[in-house]
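Quick note, my numbering runs 176 ahead of the 1-based positions in the sequence shown. Don't be surprised by glycine CBs; every beta carbon is placed ideally from N, CA and C. Here's the structure, in structure tokens; my notes come after.
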Amino acid sequence: MALAAGRIHAGTLPPAEQLPDHAGASEQRHDISRAKGRGTRVSLLFFLPSKCLCPLTFATKKPVFFRKKVHCLFVPAMLFCGQRHPLDAERNGIVEISPLDEMHEVISMASLTEQTESFLTRHFTRPSLTWRQSFLLIVPLLAENTFSTMFGLINTGMISAAGMASLSAVSLIDTLNGFLFVFYSGIATGACVVVANYRGRGNAEKLHEACVQAVTAVTLFTIATSLFIFLLHGPVLQLLLGAADPDVFEKGKLYLLGGALTLPLVGVTTAMCGVLRGIGEGRTALLYTIISSGLYVLLNVVTLSILQMDIPGLILSISLSRVLNVPLLLLLKHLGKSSFRFRVRELLRINFHILRSIMRVGFPCALESLFFTGGRLVTQGFIVPMGTMAVVSYNVSYSVMSLIQIFANTINSAMFTIAGICMGKGRTDDVRSLTKSWFAVNTAIYVVMIGVTLISFDFLVQFYNAPAEIVPQIYQCVLMTAIVQPIVHNAGFMLPSVFRAVGDGAYCTVVSLSIMWIVRVFGGYALGVWLAMGVPGVWIAMILDWAVRAIIYGVRFRGSRWLRHRILD
Numbered sequence: 177m178a179l180a181a182g183r184i185h186a187g188t189l190p191p192a193e194q195l196p197d198h199a200g201a202s203e204q205r206h207d208i209s210r211a212k213g214r215g216t217r218v219s220l221l222f223f224l225p226s227k228c229l230c231p232l233t234f235a236t237k238k239p240v241f242f243r244k245k246v247h248c249l250f251v252p253a254m255l256f257c258g259q260r261h262p263l264d265a266e267r268n269g270i271v272e273i274s275p276l277d278e279m280h281e282v283i284s285m286a287s288l289t290e291q292t293e294s295f296l297t298r299h300f301t302r303p304s305l306t307w308r309q310s311f312l313l314i315v316p317l318l319a320e321n322t323f324s325t326m327f328g329l330i331n332t333g334m335i336s337a338a339g340m341a342s343l344s345a346v347s348l349i350d351t352l353n354g355f356l357f358v359f360y361s362g363i364a365t366g367a368c369v370v371v372a373n374y375r376g377r378g379n380a381e382k383l384h385e386a387c388v389q390a391v392t393a394v395t396l397f398t399i400a401t402s403l404f405i406f407l408l409h410g411p412v413l414q415l416l417l418g419a420a421d422p423d424v425f426e427k428g429k430l431y432l433l434g435g436a437l438t439l440p441l442v443g444v445t446t447a448m449c450g451v452l453r454g455i456g457e458g459r460t461a462l463l464y465t466i467i468s469s470g471l472y473v474l475l476n477v478v479t480l481s482i483l484q485m486d487i488p489g490l491i492l493s494i495s496l497s498r499v500l501n502v503p504l505l506l507l508l509k510h511l512g513k514s515s516f517r518f519r520v521r522e523l524l525r526i527n528f529h530i531l532r533s534i535m536r537v538g539f540p541c542a543l544e545s546l547f548f549t550g551g552r553l554v555t556q557g558f559i560v561p562m563g564t565m566a567v568v569s570y571n572v573s574y575s576v577m578s579l580i581q582i583f584a585n586t587i588n589s590a591m592f593t594i595a596g597i598c599m600g601k602g603r604t605d606d607v608r609s610l611t612k613s614w615f616a617v618n619t620a621i622y623v624v625m626i627g628v629t630l631i632s633f634d635f636l637v638q639f640y641n642a643p644a645e646i647v648p649q650i651y652q653c654v655l656m657t658a659i660v661q662p663i664v665h666n667a668g669f670m671l672p673s674v675f676r677a678v679g680d681g682a683y684c685t686v687v688s689l690s691i692m693w694i695v696r697v698f699g700g701y702a703l704g705v706w707l708a709m710g711v712p713g714v715w716i717a718m719i720l721d722w723a724v725r726a727i728i729y730g731v732r733f734r735g736s737r738w739l740r741h742r743i744l745d
């Protein structure tokens with residue numbers, strides 16, 4: 177169908193009411209009386225296009241060429257009629273324009289939408305999962321991680337204003353807190369994988385039981401951890417802060433014990449958020465993260481910036497926020513009409529069959545996270561004698577590096593659910609194919625985030641109140657990270673997520689344990705202490721750790737042994 181194929185003149189143009197009803201076209205007329213400034217009558221017609229390449233000739237200064245491939249969008253054609261044309265003050269009537277002169281001037285939104293849909297379908301849709309379902313998993317998790325990291329940066333900035341001793345104490349103890357949190361997250365990840373597998377099978381009863389057992393398992397582990405810290409905090413502090421200044425040691429002790437009081441509450445909320453993501457209700461978990469993180473920042477503003485309570489103020493804000501987080505999450509779950517509903521007495525019953533499936537994935541995952549964070553603890557152990565400035569340099573560099581990994585780590589976390597759903601449906605080919613697609617996305621994300629981080633580097637070091645003498649060293653570490661992260665870190669940490677989701681977590685644990693102690697710990701000590709390279713030497717050992725992981729996991733992924741495992745009996 178070609179609209180106005182012949183020459184159109186203002187004097188011969190029929191009224192809108194007398195226009196013929198073209199075959200195969202649906203039209204809607206809308207009269208606009210008084211075009212702006214000229215009083216020209218305008219008839220606006222919307223034609224349902226046929227699947228063809230059709231030039232449209234109508235009143236405009238520039239030619240417009242519409243590539244029309246879909247039937248669901250309307251293409252507007254404006255016909256101006258009157259003695260003076262509002263777009264051309266020098267001519268009367270209608271200006272005839274050939275659309276073939278500048279066919280790429282305007283691209284139809286219909287074509288762009290279709291091409292985008294086709295691309296996403298080709299690369300991210302498989303029989304197990306569509307690209308829309310994957311995005312519904314990833315987008316809330318992405319926003320959740322972004323807000324968590326952003327609020328973490330704000331809190332670190334407020335702590336740094338209290339002095340280098342407070343920042344060093346919090347940074348060192350937060351390494352242990354991260355050590356514990358990743359253990360809980362590992363168990364929650366195992367629960368998320370089991371939930372995703374049952375979701376793929378469509379087994380509603382087992383799905384509910386797995387959700388309940390996830391909360392039970394993580395809560396029990398957090399209670400045990402709190403008892404461990406209170407009973408053995410002396411040796412733990414000696415390991416972390418043994419060579420630190422006395423002021424740093426005392427502040428670290430206070431921060432460790434104060435935070436341990438409310439750890440079980442962290443277990444409850446962590447497990448419940450993991451379950452919500454596993455059943456496809458990531459929006460509720462996202463909303464919880466935004467509100468709870470905002471509440472935590474607000475409390476820190478009051479206790480740290482206004483009241484200037486230093487470490488006691490930080491402990492107070494942490495405790496209050498954790499106490500309020502549990503009823504907050506329950507309320508959001510209720511308002512969101514979540515399908516995950518349970519009674520408290522259900523949490524007291526242990527289903528060993530489901531718990532075994534959760535631990536089969538979660539325990540190796542937790543151990544790997546523990547070895548990863550444990551290696552960092554040991555590494556910090558021989559950084560502390562280098563001085564407070566070395567500790568600050570290492571931790572600021574690590575925080576800046578974490579910014580680069582925000583979005584990529586989100587994809588890594590989402591791969592647990594994506595791969596778990598594929599395995600639950602028995603589609604092993606989909607696991608491999610989707611992993612390749614998301615690996616490419618992660619690589620692009622790394623490149624973009626590295627560029628943003630390097631551009632904003634000066635602002636970041638000022639935000640952390642880093643002393644001027646250590647800024648060059650921080651930049652050196654961040655630059656080394658930027659060079660290798662897109663490929664090396666991507667392969668070293670995305671592929672294990674996929675392996676654990678399909679039941680190959682034991683292999684990942686063995687590899688992680690071996691590489692951590694041989695390459696990162698021993699290599700970091702050799703380069704940083706023996707060769708006196710300091711923090712840059714420790715950083716080089718960490719990068720070598722990534723490289724070895726990437727090679728081993730890459731070879732594993734090319735084979736098929738990792739696909740022979742099964743999560744569920």
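- prompt: Roughly how many angstroms lie between the CA atoms of ALA658 and LYS513, to the nearest whole one?
  reply: Distance between the alpha carbons of ALA658 and LYS513: 43 Å.
- prompt: Relative to the alpha-carbon of ILE542, which residue among TYR374, ILE363, LEU500 has its alpha-carbon at the smallest distance?
  reply: Note on residue identity: the sequence assigns Ala, not Ile, to residue 542. Minimum Cα-Cα distance from ALA542 among the listed residues TYR374, ILE363, LEU500 corresponds to ILE363.
query: In chain order, what residues of the same chain lie with their CB nearer than 7 Å to the CB of ILE646, ignoring the 5 residues before and after it?
result: Contacts found: MET565, VAL568, SER569.
- prompt: Residues in its own chain within less than 7 Å of VAL731 by CB, not counting five upstream and five downstream?
  reply: Hits under 7 Å: none found.
message: So, with DSSP's three-state summary, where would you put ARG742?
response: DSSP places ARG742 in coil when its eight states are reduced to three.
- request: Report buried or exposed for VAL499, applying the criterion of at least 16 other Cβ atoms within 10 angstroms of its Cβ.
  value: Exposed, since its Cβ has fewer than 16 Cβ neighbours within 10 Å.
- request: Return helix, strand or coil for LEU305, following the three-state DSSP convention.
  value: Correct three-state label for LEU305: strand.
task: In angstroms with no decimal places, state the Cα-to-Cα distance between VAL617 and PRO488.
output: Those two C-alpha atoms are separated by around 43 Å.
task: Enumerate in chain order the residues of its own chain whose CB-to-CB distance from THR619 is below 7 Å, with the five nearest sequence positions on each side excluded.
output: Cβ-Cβ distances below 7 Å link THR619 to PRO662, ILE663, ASN666 in the same chain, with the five nearest sequence neighbours on each side left out; the list follows chain order.
query: Under three-state DSSP, which class holds SER545?
result: Of the three classes helix, strand and coil, the one that applies to SER545 here is helix, per DSSP.
message: If you reduce the DSSP assignment to three classes, tell me which class MET692 lands in.
response: MET692: helix per DSSP, three-state reduction.
task: Compare the beta carbon distance of CYS368 and PHE516 with 8 Å and say whether it is the shorter of the two.
output: At the C-beta level, CYS368 and PHE516 stay beyond 8 Å of one another.
field: Cβ-Cβ distance between GLN649 and PRO561 below 8 Å
entry: Not a contact, by the Cβ cut-off of 8 Å.
task: Report the residue from SER481, VAL346, MET485, ALA372 whose alpha carbon sits nearest the alpha carbon of ALA420.
output: That would be VAL346, whose Cα lies nearest to the Cα of ALA420.
field: GLU457, DSSP secondary structure in three states
entry: The answer is coil: DSSP assigns GLU457 none of H, G, I, E or B.
message: I'd like the span of the alpha helix (DSSP H) that includes GLY512, first residue to last.
response: Run containing GLY512: none; DSSP gives neither H nor E here.
query: The alpha helix (DSSP H) with ALA667 in it runs from where to where?
result: For ALA667, the enclosing alpha helix (DSSP H) begins and ends at 666–677.
contact_flag[the segment 584–599, the segment 303–312] where n(CB pairs < 8 Å) is 3 or more: Taking 8 Å as the limit for Cβ pairs, the verdict is that the segment 303–312 does touch the segment 584–599.
- request: Take the Cβ of PHE295 as the centre, count every other Cβ of all protein chains shown within 10 Å, and call the residue buried at 16 or more, exposed below.
  value: Its Cβ having fewer than 16 others within 10 Å, PHE295 is exposed.
- request: State the Cα-Cα distance for the pair LEU343 and LEU636, rounded to the nearest angstrom.
  value: Rounded to the nearest angstrom, the gap between the Cα atoms of LEU343 and LEU636 is 15 Å.
task: With a cut-off of 8 Å on the beta carbons, I'd call HIS409 and LEU432 a contact; round off their distance for me.
output: A Cβ-Cβ distance of about 6 Å is found for the pair HIS409 and LEU432, placing them in contact under the 8 Å criterion.
field: Given VAL394 as reference, the closest of THR365, PRO422, LYS382, TRP715 once Cα atoms are compared
entry: Among THR365, PRO422, LYS382, TRP715, the Cα nearest to that of VAL394 is on THR365.
task: Please go through the segment 588–631 and give each complete alpha helix (DSSP H) segment of 4 or more residues, from N-terminal end onward.
output: If you keep only unbroken alpha helix (DSSP H) runs of at least 4 residues inside the segment 588–631, you get 604–631.
- prompt: ALA447: which of SER481, LEU396, LYS427 sits nearest, CA to CA?
  reply: It is LEU396 whose Cα lies nearest to the Cα of ALA447.
query: Given that a residue counts as buried once 16 or more other Cβ atoms are within 10 Å of its Cβ, and exposed if not, what is TRP766?
result: Absent from the model: residue 766. The displayed extent of the chain is 177 to 745, so no value can be given.
field: Supposed contact pair ALA717 and GLY699 - C-beta distance, whole angstroms, cut 8 Å
entry: Confirmed, about 4 Å.
- prompt: Does DSSP classify ARG634 as helix, strand or coil?
  reply: The sequence given here places Asp at residue 634; Arg does not occur at that position. Helix, per DSSP.
task: Report the three-state DSSP secondary structure of ILE526 (helix, strand or coil).
output: Three-state DSSP puts ILE526 in coil, outside helix and strand.
- prompt: From THR586, ILE491, ILE482, pick the residue whose C-alpha is nearest to that of VAL315; which is it?
  reply: Nearest Cα to VAL315 within the set THR586, ILE491, ILE482: THR586.
message: Here's the rule: buried if 16 or more other CB atoms are within 10 angstroms of the residue's CB, otherwise exposed. What is CYS706?
response: Per the sequence shown, the amino acid found at residue 706 is Trp instead of Cys. By the neighbour-count rule (16 or more Cβ atoms within 10 Å), TRP706 is not buried but exposed.
field: THR460 to VAL714 span [Cα, whole Å]
entry: Rounded to whole angstroms, THR460 to VAL714 spans 40 Å at the Cα level.
message: Just to confirm my understanding: we take SER468, look at its own chain, exclude 5 residues before and 5 after, and list those with CB closer than 7 Å. What are they?
response: Leaving aside the five residues that flank SER468 on each side, the residues in its chain whose CB is nearer than 7 Å to its CB run, in chain order, SER497, ASN501, LEU504.
message: For LYS429, which residues in the same chain have their Cβ closer than 6 Å to its Cβ, ignoring the five residues on either side in sequence?
response: So the list reads LEU413, once near-sequence residues are dropped.
- prompt: So which of MET692, ARG453, VAL607 has the shortest CA-CA distance to ALA390?
  reply: Each of MET692, ARG453, VAL607 was checked against the Cα of ALA390, and the nearest Cα belongs to ARG453.
Rounded C-alpha distance that separates CYS684 from LEU508: Near 36 Å, if we compare the C-alpha coordinates of LEU508 and CYS684.
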